[in-house]
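These protein sequence lines are chains A and B, in that order. Residues in the first sequence are numbered consecutively from 1, following the working numbering. Residues in the second sequence are numbered consecutively from 188, following the working numbering. Each remark here refers to the structure printed beneath this line.
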Amino acid sequence: MIYLKLFYEFFKIGLFAVGGGMATLPFLQRLGESTGWFDQMLITDMVAISESTPGPIGINMATYVGYNVAGFWGGFAATMGEVMPCVVLVILFSKFLNKLSGNKYLDFAFYGMRPAVTGLIAAAAVSVMQVAVFNTELFKQTGVITDLADPKKIIYFVIVFWAIKKFKKHPITYIAASAVIGLIFMF
Amino acid sequence: MLPILRREIVEKEKWLSEEDVMDFYAIGQSMPGIIAVNVGGFIGYQRKKEAGAVAAALGVVSPCLIIITIIAACLSNFQDNVYVRHALSAVSVCVCALILDSIISMWKKGVKDIFGFVLFAIMLVAMTFTEISPVLLVVLSAVGGIIYKSLQGLFAKNDKEKGGKQK
């Protein structure tokens with residue numbers, strides 16, 4: 001049953017996504033690949049929407065993916081699945097808080113997980129870029145270098161990245177501006 | 188999230204002190220799961236035990252469920268519209284830049300030495316070129332961190348003692 005499967009998959013994501021924000025991204029990308037529930041294009045839409053709306057990004061992404069896979073109840077199942085391990089862990093931690101806070105093995109585990117998760121997100125970013133900025137599929141078929149990338153998109157990528165670094169505004173600013181630019185320049 | 192927590196929980200409801208909220212925020216960040224849900228859960232547990240934690244977690248996710256469902260429903264009706272596609276394809280370039288930006292800030296926080304760099308590189312390669320589940324990769328990196336740090340501590344402490352269990 002699709003709802004149970006969604007719940008289970010997002011339960012795993014909630015349990016193993018460490019570091020907040022984009023941490024669920026590599027899991028979602030792999031989920032799309034292994035189940036065929038959604039393609040890479042949905043991932044960029046998902047990040048855009050999750051960044052532009054209030055609420056934790058990880059939860060927004062779960063709801064969005066779940067909705068696209070199986071409608072409202074799909075979104076509900078995915079969201080609940082992702083929240084469940086958080087609630088269980090929080091309750092366990094609260095009961096044993098004195099023993100666990102500042103536990104050195106927990107710190108050691110995070111010492112390994114933080115750079116690892118960064119690497120996983122970087123890998124997810126590479127495959128998202130292959131769809132959003134480059135067109136590696138077309139390039140593989142034709143072998144023509146001009147098919148690999150649309151110069152417009154590469155230039156735009158550099159400009160947006162520079163703007164993010166320079167102005168440090170909320171992501172919704174850049175996303176909204178990009179939508180307008182996409183319409184004007186026919187991306 | 189912190190400014191809102193401070194205003195609502197500390198100043199308005201007077202449920203917890205500011206120090207408590209900061210502590211929960213710190214723990215919520217350094218455990219698995221969605222940070223905002225974790226922090227909400229801790230605060231809920233302080234008030235009403237298990238039921239409080241569940242209520243707080245549901246409170247955090249409810250707005251997301253409603254807002255995202257509405258947006259996703261609207262978007263799926265317009266997805267094939269040519270103008271929407273133009274807009275979204277520029278947005279997806281922007282999203283790549285945003286992801287890159289958050290990778291850089293995670294890098295600054297997480298990759299602190301050669302061990303971190305090696306783990307980063309291994310994960311990047313494993314995720315890109317193999318089918319290994321990211322769940323397994325995260326678990327392995329946690330175990331790796333524990334072993335590496337424990338060995339480091341062992342070597343620092345037992346410099347004199349020779350032999351012993353080293354690996």
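Each residue gets a CB set at the ideal place from its N, CA and C atoms; glycine is no exception.
Secondary structure of residue i, DSSP reduced to three states
i                : result
Phe167 (chain A) : helix
Phe134 (chain A) : strand
Ala356 (chain B) : Nothing can be reported for residue 356 (chain B), as the shown portion of chain B is limited to 188 through 354.
Ala176 (chain A) : helix
Ala17 (chain A)  : coil
Glu237 (chain B) : helix
Between the CA atoms of residue j and residue i - distance to the nearest angstrom
i                : j                : result
Pro85 (chain A)  : Val160 (chain A) : 36 Å
Arg234 (chain B) : Leu252 (chain B) : 25 Å
Lys354 (chain B) : Tyr335 (chain B) : Because Lys354 (chain B) sits at a pLDDT of 41, beneath the cut-off of 50, its placement in the model cannot be relied upon, and the point is left open.
Met1 (chain A)   : Leu203 (chain B) : 42 Å
Val325 (chain B) : Ala259 (chain B) : 30 Å
Phe38 (chain A)  : His273 (chain B) : 20 Å
Lys152 (chain A) : Pro190 (chain B) : 40 Å
Val312 (chain B) : Asp300 (chain B) : 19 Å
Asp207 (chain B) : Val271 (chain B) : 46 Å
Phe110 (chain A) : Thr142 (chain A) : 44 Å
Thr317 (chain B) : Leu285 (chain B) : 26 Å
Phe188 (chain A) : Ala244 (chain B) : Outside the displayed range of chain A (1 to 187) lies residue 188 (chain A), so it cannot be described from this structure.
Ala125 (chain A) : Thr315 (chain B) : 10 Å
Ala242 (chain B) : Gly340 (chain B) : 42 Å
Leu327 (chain B) : Thr173 (chain A) : 38 Å
Ile184 (chain A) : Lys165 (chain A) : 24 Å
Gly55 (chain A)  : Gly332 (chain B) : 31 Å
Lys352 (chain B) : Val330 (chain B) : Note on Lys352 (chain B): pLDDT 47, under 50, position unreliable in the model; no value is reported.
Glu33 (chain A)  : Gln40 (chain A)  : 9 Å
Asp53 (chain A)  : Ile175 (chain A) : Correcting the residue type first, residue 53 (chain A) is Thr in the shown sequence and not Asp. Thr53 (chain A) and Ile175 (chain A): Cα-Cα distance of roughly 11 Å.
Val322 (chain B) : Phe16 (chain A)  : 6 Å
Cys261 (chain B) : Asp107 (chain A) : 43 Å
Ile145 (chain A) : Val131 (chain A) : 16 Å
Phe190 (chain A) : Gly303 (chain B) : No information on residue 190 (chain A) is available, as it lies outside the stretch 1 to 187 that chain A covers here.
Phe134 (chain A) : Ala123 (chain A) : 15 Å
Ser276 (chain B) : Thr256 (chain B) : 21 Å
Asn68 (chain A)  : Gln266 (chain B) : 12 Å
Met293 (chain B) : Cys283 (chain B) : 15 Å
Ile154 (chain A) : Asp288 (chain B) : 16 Å
Glu9 (chain A)   : Tyr64 (chain A)  : 14 Å
Leu28 (chain A)  : Ala179 (chain A) : 24 Å
Glu205 (chain B) : Gly246 (chain B) : 21 Å
Val87 (chain A)  : Ala70 (chain A)  : 24 Å
Val83 (chain A)  : Glu237 (chain B) : 14 Å
Val280 (chain B) : Ile181 (chain A) : 11 Å
Ser263 (chain B) : Leu92 (chain A)  : 40 Å
Cut-off 7 Å between Cβ atoms - residues of its own chain near residue i, not counting five sequence neighbours on either side
i                : result
Phe307 (chain B) : Val298
Lys168 (chain A) : none
Met209 (chain B) : none
Ile222 (chain B) : Gly215 and Gln216
Tyr212 (chain B) : Leu189 and Val226
Met218 (chain B) : Asn225
Glu200 (chain B) : none
Phe157 (chain A) : Val133
Ala240 (chain B) : Gly228, Gly231 and Tyr232
Ala163 (chain A) : Tyr174
Ile196 (chain B) : Trp202, Leu203, Val208 and Ile230
Ile319 (chain B) : Ala313
Ser127 (chain A) : Gln29 and Gln40
Chain-order list of residues whose beta-carbon lies under 8 Å from that of residue i (same chain, five-residue window excluded)
i                : result
Ile121 (chain A) : Met22, Ala23, Leu25 and Pro26
Leu138 (chain A) : Asp147 and Leu148
Same chain, Cβ closer than 6 Å to residue i, five either side skipped, listed in chain order
i                : result
Ser50 (chain A)  : Ile57, Asn60 and Met61
Pro171 (chain A) : Glu51
Leu192 (chain B) : Val208
Leu6 (chain A)   : Gly66, Gly74, Ala77 and Ala78
Phe229 (chain B) : Phe211
Thr136 (chain A) : Gln130
Should the region 103-120 of chain A be called in touch with the region 75-92 of chain A, which here means at least 3 C-beta pairs below 8 Å? Result no; under three Cβ-Cβ pairs closer than 8 Å.
Any 3 or more C-beta pairs closer than 8 Å across the region 289-298 of chain B and the region 107-115 of chain A: Using a C-beta cut-off of 8 Å, the region 289-298 of chain B makes contact with the region 107-115 of chain A, since at least three inter-stretch Cβ pairs fall below that distance.
For the region 28-46 of chain A against the region 329-345 of chain B, are there 3 or more C-beta pairs whose distance is under 8 Å? Contact fails: fewer than three Cβ-Cβ distances are below 8 Å.
Enumerated in chain order, which unbroken segments of the alpha helix (DSSP H) with a length of 4 residues or greater are wholly contained in the region 243-298 of chain B? List check, alpha helix (DSSP H) in window: 269-297.
For the region 297-350 of chain B, list the alpha helix (DSSP H) runs that are entirely contained and at least 4 residues long, ordered along the chain. Unbroken alpha helix (DSSP H) stretches of 4 residues or longer found wholly inside the region 297-350 of chain B: 301-316 and 321-344, given in chain order.
Quick check for students: name the residue ranges of the alpha helix (DSSP H) that lie wholly in the region 94-123 of chain A, counting only runs of 4 or more. Every alpha helix (DSSP H) of 4 residues or more that sits fully in the region 94-123 of chain A is shown, in chain order, as 97-100.
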